[in-house]
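Residue numbering for the sequence shown follows the working numbering, starting at 143 and increasing by one per position.
For each residue, glycine too, the CB sits at the ideal point set by N, CA and C.
As the structure is a computational prediction, the values presented were derived from the model and not from experiment.
Have a look at the structure below before the remarks.
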Amino acid sequence: MIAQFALRLMFGMSAMWSLMPRHQVSVGFFRIQMLIVMGLSVLATLTFGELSHAPETSTILPISWGTPLCIALGVLAFFGSAFWTIDFRRVGTVIVFAIMILSGGLLVGSTLTSWSSWPSWLAALGEISTALSLGGAMTGMLLGHWYLTAPTKSISPLNTLNRLFGLSVGSRLIVSAIALASGWAMLQSETHWLWLSLRWLAGIIGPLILVVMVSRILRYKNTQSATGVLFVGVILTFIGELSATLLTRELHLPF
């Protein structure tokens, strides 16, 4: 579960970097982001072997490939931090996309069990939308904190990340609704219903409300208040996705 969480964050955060207006954000922000990815890659490297309880041949990506690829992510993040530090934005941007592609490939490859199986693709879509939700919340919150040291910067990047966060949660809502429609009859215990309630209230409905709140707050350029709301969004998203992961492990659907 730790490796899965780390890969989700790496892919989600790097996807947000690739979509946000990077030219309006100082290089120091991306340097710190690369260091975070480097730490996450270490976690993934140490725990990737526990990512799947199934045999190695059950996924399209052999589990034995995971650890070397996680090490590669760490190396990319290290060089990314160096290039952003010296303001080589073009090279840094290339590394951003490389991290996104590699972490996304790892996440999907360790989830897909068949190219032709709809449940397998639904699970992969669940992982992607979960990663984007987590990454959107985390990157938005971290960028909000960056405004504490650069209060005169344009709020356009923060607005963009907030919208991306909302779209990500919306995509997760669609995948969760499909899974819920498919597996409604499987929800038989009180524990299942408790996890499902947390999943929807904390992981989907709550964040969508917070996205609207942040959008309204940013009309007044109050980045401190917006950052506080986004911090709550991170907590709610983590609670919702943890509950969904517990449900998925028991019922094998991406709730």
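Residue i to residue j, Cα distance in whole Å?
i: L185; j: I174; result: 17 Å
i: L300; j: F190; result: 33 Å
i: G277; j: S156; result: 8 Å
i: A148; j: T379; result: 15 Å
i: T387; j: P204; result: 22 Å
i: S258; j: I297; result: 44 Å
i: T272; j: I228; result: 33 Å
i: V179; j: W335; result: 34 Å
i: I144; j: G181; result: 12 Å
i: S256; j: I202; result: 7 Å
i: A224; j: Q166; result: 19 Å
i: I359; j: I377; result: 19 Å
i: S367; j: G345; result: 21 Å
i: V233; j: M158; result: 17 Å
i: A321; j: P396; result: 6 Å
Would you mind sorting residue i into buried or exposed? The rule is 16 or more other CB atoms within 10 Å of its CB.
i: V250; result: buried
i: Y289; result: buried
i: V353; result: buried
i: V217; result: exposed
i: F239; result: exposed
i: T291; result: exposed
i: T199; result: Interpretation of T199 is limited by its pLDDT of 45, a score under 50 that renders its predicted location unreliable; the figure taken from the coordinates is listed afterwards. Label assigned to T199: exposed.
i: P197; result: Any reading at P197 is ruled out, since the residue's pLDDT is 45, under 50, leaving its predicted position unreliable.
Between which two residues does the alpha helix (DSSP H) containing residue i stretch?
i: F153; result: I144 to L161
i: E332; result: E332 to W342
i: R314; result: S298 to G325
i: G287; result: Before going further, note that residue 287 is His rather than Gly in the sequence given. Its alpha helix (DSSP H) spans residues W260 to W288.
i: Q166; result: It is not in any alpha helix (DSSP H) - Q166 carries neither H nor E in the DSSP assignment.
i: L248; result: R231 to G251
i: W226; result: I205 to T227
With a cut-off of 8 Å on the beta carbons, I'd call residue i and residue j a contact; round off their distance for me.
i: F153; j: W226; result: Actually they do not touch by this definition, with Cβ atoms about 19 Å apart.
i: S310; j: L274; result: 4 Å
i: G382; j: R341; result: 5 Å
i: N304; j: S357; result: 6 Å
Among the options, which one has its Cα closest to the Cα of residue i?
i: T187; options: N364, C212, V169 and H165; result: C212
i: V169; options: K295, G325 and T365; result: K295
i: I270; options: S385, S318 and W326; result: S318
i: R150; options: G308, L389, L267 and V371; result: L267
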